[in-house]
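Engineer: Would you mind keeping the following structure in view while I ask a few things?
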């Protein structure tokens with residue numbers, strides 16, 4: 000049985016509220032310029048430490064040891080779904096990232112404008128990274144292209160990048176990239192990778208042919224390639240699975256989109272962590288599960304800015320009191336993955352987990368750091384098991400077996 | 000997806016070198032005669048302890064909690080293969096142990112000479128443990144046996160034990176033992192356990208019939224039984240899976256053979272640990288992954304010689320400097336399984352793991368012992384995940400998912 004179905008089979012309803020405070024890219028790596036401490040070890044976070052002393056700690060491995068996850072699998076794991084079975088394609092994620100929420104029947108692809116020579120061979124895979132307003136202009140040339148059996152939507156992302164959305168009945172995302180992946184080759188026709196995807200491949204090719212006609216004559220960005228064809232994973236909602244009325248408090252579109260894949264309501268929540276907590280308070284009675292997404296730690300890690308990541312951990316810590324005062328039945332503080340400033344990217348390192356609940360086993364944790372949590376009583380578990388821990392501590396899972 | 004295929008799907012190439020120092024049978028058990036310390040806790044190993052303070056530690060569970068592995072599954076796990084799916088049969092392992100490396104089309108079996116009475120019933124299952132030179136004499140009687148469709152090779156192992164190797168096309172190792180497993184019963188004919196193995200079973204029976212004719216009249220070792228019919232597991236190489244040019248520095252034949260199953264080059268590396276490290280240095284530029292096998296700790300454990308195992312740990316520690324100076328991108332020090340002197344055998348106890356890399360999260364480990372490593376930040380993971388940790392820390396795994 001799939002993990003989420005197993006947990007679902009045990010789920011019962013009650014009034015206990017669950018809050019997940021997700022600090023994006025929370026985990027760090029020893030940094031030689033800062034006494035071989037991680038960002039979390041270097042930061043002052045007395046409030047999180049005090050929470051640790053009332054709770055239980057452990058570590059989450061996002062996918063499997065050594066595996067660095069993208070945001071899609073990292074979040075699906077935290078939502079209780081096996082991130083290897085339920086991967087989210089690049090087309091879908093790109094759409095979610097700009098606030099386009101696909102229907103389950105849509106096919107999405109990530110598009111890149113490129114520049115080709117007179118023979119049609121690619122000379123610049125990114126079309127000189129044209130600015131976004133030129134990308135918009137090129138898309139405007141393509142918006143009234145019509146093909147049978149599908150409606151087409153085009154959305155600019157940034158620079159040369161855009162999203163292609165196909166809407167219609169019977170579409171299938173199992174289609175090979177049209178991007179040959181190298182200069183000197185021509186864009187390839189869309190090929191169905193499964194028998195059911197042939198109609199969709201034909202639709203894509205009909206669109207691309209017309210698009211190439213309309214782009215001809217431009218000096219740059221006179222062609223396009225498509226990749227990451229994908230559909231929303233077929234995921235049941237938190238309400239269906241667990242009887243949880245759930246809401247997300249996220250500022251960035253991609254995380255709103257990821258939360259929507261499991262059926263969360265998306266609350267308008269301002270721009271700061273304190274705004275998010277005010278929104279939480281305002282909607283406290285209406286939901287059973289809240290997902291609060293704190294983004295800035297990840298961005299600083301990606302930028303390689305150790306001290307800025309430290310600073311954003313400290314800001315969060317200094318603002319956390321309203322959340323503590325709401326006294327959820329279960330509060331989990333963790334991350335989706337590590338983003339060590341020393342690596343300037345997501346990484347595979349496990350992420351600290353802090354769980355506070357009147358039903359938890361206090362394990363004497365005195366600090367919320369990677370090193371302290373690695374010794375915590377929850378052990379080092381895959382992120383997909385967090386959902387079970389939350390439900391269990393909320394007394395929302397019935398006994399398994401007689 | 001199988002674990003090694005999943006890791007393989009993410010693998011990327013770079014110049015970062017990985018070294019695994021495998022201390023065979025490393026893990027121990029509390030010994031009542033030595034203050035309830037393990038061998039590793041009792042030994043002085045300041046250099047390993049110093050490495051621990053620069054790295055991250057954890058524990059490896061070779062197969063599953065409570066399960067004692069043979070050398071085959073213990074090594075396959077360390078090589079990233081699920082040791083339950085990819086078991087190595089006794090026939091193959093026995094061949095590898097005497098330096099016979101099978102072709103993928105060969106069928107191997109472990110043979111025992113036994114003594115039977117006039118009715119053909121076994122009276123001594125080990126033929127009085129005849130010395131190896133008598134075993135050689137008996138095999139000489141059988142070497143010119145010819146059967147259709149297969150070439151037969153016979154290799155003495157030790158005492159009454161030998162290896163039968165069948166070579167030919169279309170052979171299948173799915174054959175039941177001919178060993179009834181008890182005195183008073185007759186050796187049974189080889190039976191195919193799958194339809195495709197019938198030809199091979201007939202070949203075995205044709206050989207055994209002729210062998211019994213030639214052995215008749217000997218007072219001891221006048222018959223034989225065969226068991227552990229098996230073929231090499233169909234395992235892809237490290238190069239195919241991960242783009243790793245890999246080499247093994249092992250002194251004993253079985254470990255050379257195990258390394259060869261995943262496509263490692265076998266380097267001639269002398270007789271001592273220092274010889275092995277000199278060989279490592281000489282071949283440093285030619286490979287991406289080195290597997291160094293240190294045998295003596297296991298042998299002492301098997302002998303129940305606590306202090307000798309302690310001594311061999313101390314010898315290794317005192318000689319390790321040349322390895323440290325080579326400064327591999329990732330160095331792992333661990334074992335394949337535990338061999339506690341108190342048990343005089345392999346055991347199920349998890350094995351300490353030490354990982355040193357500029358990308359590791361230093362976890363404040365101060366010692367390389369079972370107790371210290373059990374509190375380390377890598378947690379207690381199955382051995383099959385070590386490969387992912389090594390590749391991850393070497394930045395040789397790309398991001399999973401968008």
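Protein chains in written order, with the numbering used here: chain A, 0 to 401; chain B, 0 to 401.
Idealized CB from N, CA, C, for every residue including glycine.
Please list the partners that residue 387 of chain B has in chain A, where partner means a Cβ-to-Cβ separation under 9 Å.
Structural biologist: Correct list: 63, 64, 65, 66, 347.
Engineer: Which chain B residues are close to residue 369 of chain A, counting only those with a beta carbon under 8 Å from its beta carbon?
Structural biologist: Simply 360, 362, 376.
Engineer: When the cut-off is 8 Å and only beta carbons count, does residue 130 of chain A lie next to chain B?
Structural biologist: Not closer than 8 Å to any Cβ of chain B, the Cβ of residue 130 of chain A fails to qualify, so no.
Engineer: Using a Cβ-Cβ cut-off of less than 7 Å, give me the residues of the stretch 220-240 of chain B that come near chain A, in sequence order.
Structural biologist: So the list is empty, because no residue satisfies the distance condition.
Engineer: Listing by chain order, which chain B residues have their CB less than 7 Å from the CB of residue 312 of chain A?
Structural biologist: Within 7 Å Cβ-Cβ: nothing; residue 312 of chain A doesn't reach chain B, min ~16 Å.
Engineer: So within the stretch 71-110 of chain A, which uninterrupted alpha helix (DSSP H) runs reach at least 4 residues, ignoring any that extend past its ends?
Structural biologist: The qualifying runs are 89-96.
Engineer: Can you give me the C-alpha to C-alpha distance between residue 25 of chain A and residue 300 of chain A, rounded to a whole angstrom?
Structural biologist: Those two C-alpha atoms are separated by around 9 Å.
Engineer: Look up residue 15 of chain A in the DSSP assignment and say whether it is helix, strand or coil.
Structural biologist: Coil, per DSSP.
Engineer: In chain order, what residues of the same chain have a beta carbon less than 7 Å from the beta carbon of residue 286 of chain B, not counting five sequence neighbours either side?
Structural biologist: Cβ neighbours of residue 286 of chain B beyond the five flanking positions: 244, 245, 246.
Engineer: Where do the ends of the alpha helix (DSSP H) carrying residue 292 of chain B lie?
Structural biologist: Note, residue 292 of chain B: premise wrong, no alpha helix (DSSP H); beta strand (DSSP E) at 288-293.
Engineer: Can you pull the chain A residues whose beta carbon is under 9 Å from the beta carbon of residue 58 of chain B, in chain order?
Structural biologist: Simply none; closest approach about 11 Å.
Engineer: Please report the distance separating the alpha-carbon of residue 258 of chain A from that of residue 99 of chain A.
Structural biologist: The alpha-carbon atoms of residue 258 of chain A and residue 99 of chain A are separated by roughly 13 Å.
Engineer: Please name the residues in the stretch 78-96 of chain B whose beta-carbon is closer than 8 Å to at least one beta-carbon of chain A, in chain order.
Structural biologist: Per Cβ criterion, the list is empty.
Engineer: Can you give me the C-alpha to C-alpha distance between residue 293 of chain A and residue 72 of chain A, rounded to a whole angstrom?
Structural biologist: Their backbone Cα atoms lie some 17 Å apart in a straight line.
Engineer: Mark residue 215 of chain A as exposed unless 16 or more other C-beta atoms lie within 10 angstroms of its C-beta, in which case mark it buried.
Structural biologist: Classification for residue 215 of chain A: exposed.
Engineer: In chain B, which residues lie less than 9 Å from residue 342 of chain A when you measure between Cβ atoms?
Structural biologist: Going along chain B in sequence order, the residues near residue 342 of chain A (Cβ under 9 Å) are 358, 394.
Engineer: Identify the continuous alpha helix (DSSP H) that holds residue 275 of chain A and give its terminal residues.
Structural biologist: Element bounds for residue 275 of chain A: 272-281.
Engineer: So which residues of chain B does residue 365 of chain A contact, with C-beta pairs closer than 8 Å?
Structural biologist: What residue 365 of chain A touches in chain B: nothing, since even the nearest Cβ is about 14 Å away.
Engineer: Can you tell me which of the three DSSP states residue 114 of chain A falls into?
Structural biologist: Three-state result, residue 114 of chain A: strand.
Engineer: Tell me the DSSP secondary structure of residue 190 of chain B in three-state form.
Structural biologist: In the structure shown, residue 190 of chain B sits in coil (DSSP, three-state: anything other than H, G, I, E or B).
Engineer: Can you give the beta carbon distance from residue 42 of chain A to residue 312 of chain A, rounded, assuming they're within the 8 Å contact cut?
Structural biologist: So it is a contact: roughly 4 Å between Cβ atoms.
Engineer: Counting C-beta neighbours from all protein chains within 10 Å, is the total for residue 104 of chain B 16 or more, i.e. buried, or is it exposed?
Structural biologist: Exposed, since its Cβ has fewer than 16 Cβ neighbours within 10 Å.
Engineer: Counting only Cβ-Cβ distances shorter than 7 Å, please list the residues of the stretch 246-274 of chain A near chain B, keeping chain order.
Structural biologist: Here the close residues number zero.
Engineer: Suppose you measure from the CA of residue 180 of chain A to the CA of residue 152 of chain A; what does that come to, to the nearest Å?
Structural biologist: Straight-line Cα distance between these residues: approximately 24 Å.
Engineer: Restricting to runs no shorter than 4 residues, where is the alpha helix (DSSP H) found entirely within the stretch 356-395 of chain A?
Structural biologist: If we require 4 residues or more, the alpha helix (DSSP H) runs fully inside the stretch 356-395 of chain A come out as 369-372, 385-392.
Engineer: Quick one: any contact between the stretch 188-199 of chain A and the stretch 162-174 of chain A, if contact means 3 or more CB pairs under 8 Å?
Structural biologist: Because the criterion of three Cβ pairs below 8 Å is met, the stretch 188-199 of chain A and the stretch 162-174 of chain A touch.
Engineer: Figure out for me which residue from B:240, B:183, B:101, B:63 has the closest Cα to the Cα of residue 79 of chain B.
Structural biologist: Taking only the C-alpha atoms, the option nearest residue 79 of chain B is B:240.
Engineer: What three-state label does DSSP hand residue 146 of chain B in the structure shown?
Structural biologist: Strand.
Engineer: Would you mind reading off the limits of the beta strand (DSSP E) that contains residue 226 of chain A?
Structural biologist: Here the beta strand (DSSP E) through residue 226 of chain A covers 222-229.
Engineer: Quick check on residue 157 of chain B: does DSSP put it in helix, strand or coil?
Structural biologist: Residue 157 of chain B falls in the strand class under three-state DSSP.
Engineer: Report back the beta-carbon spacing between residue 401 of chain B and residue 17 of chain B to the nearest angstrom; my notes put them in contact at under 8 Å.
Structural biologist: About 28 Å separates the two Cβ atoms, so there is no contact after all.
Engineer: Mind pulling the chain A residues with CB within less than 9 Å of residue 391 of chain B?
Structural biologist: By Cβ distance, chain A contributes 64, 65, 66, 67, 346, 347, 348.
Engineer: Between residue 200 of chain B and residue 210 of chain B, is the Cβ-Cβ spacing less than 8 Å?
Structural biologist: Contact: no.
Engineer: Count the CB pairs spanning the stretch 225-233 of chain B and the stretch 83-98 of chain B that are closer than 8 Å, and state whether there are at least three.
Structural biologist: Yes, the stretch 225-233 of chain B touches the stretch 83-98 of chain B.
Engineer: Below 8 Å CB to CB, which residues in the same chain sit around residue 265 of chain B once its five sequence neighbours on both sides are set aside?
Structural biologist: Correct list, in chain order: 246, 247, 249, 255, 258, 259.
Engineer: Taking Cβ positions only, does residue 5 of chain B come closer than 8 Å to chain A?
Structural biologist: So, interface residue.
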